[in-house]
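A.B. asks:
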Amino acid sequence: MPSIKDIKKIRLNDEYISFGPESIVSEIADSMDIKNIGAVPILNEQKTLLGVVSERDIVRKCVKDGRDPDLVTASDIMTSEIITVDLKTSSEIAIKIMGENNIRHLPVVDDQNKLINFISHRDLISSVRDSTKLNIFLITFICMIIPILFLVKSFGWA
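Next comes the structure, spelled out in structure tokens:
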């Protein structure tokens, strides 16, 4: 099973979208819509993870209460108790964490809680799928080579 460091987005050091705690919710929602993403990390100037704003946060903590998204900031609605993973976490564990906590996005942080990247359930599934394809290829290759080697050795063709 691959680990977080094996995910394409992490390996390639893909850019991620993030906001500061004073960012306006309407700006965050607009960017999320344009980028077709469901959550964004909230960082301070040192790239330390402060929270996450998800579509769910926007709906439950802003829209539902009739608050003006042009007047509400990320720090007003962000989820501050954040579940994170590091580069050594296996994809299997990360998927389990997401399922058990009913979340679809995970911040990947270093030992100082600085954001490395922000992954989604989709990123993890893609990584596992790619790993499975490689395993199937390797098993198929081995299943083809062993009989050939056996035949070569048995008939003295080598």
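Residue numbers (the working numbering): -14 to 143. Quick reminder that beta carbons are idealized off the backbone N, C-alpha and C, glycines included.
1. Just verifying my parser: in three-state terms, what is the DSSP assignment at ILE2?
2. Considering SER105, what are the terminal residues of the beta strand (DSSP E) in which it resides?
3. Just list the residues that DSSP pairs LEU34 with in beta bridges.
4. Looking at C-alpha atoms only, which residue of LYS99, SER65 and ASP108 is the closest neighbour of GLU77?
5. Mind checking PRO92: buried by the 16 CB within 10 Å criterion, or exposed?
6. With DSSP as the reference, please indicate the residues paired to VAL94 in a beta bridge.
7. Quick one: grab the DSSP three-state call for VAL57.
8. Just to confirm, are ALA59 and GLY36 a CB contact at a threshold of 9 Å?
C.D. replies: Quick answer:
1. coil
2. 100 to 105
3. LEU28
4. ASP108
5. buried
6. LEU100
7. coil
8. yes
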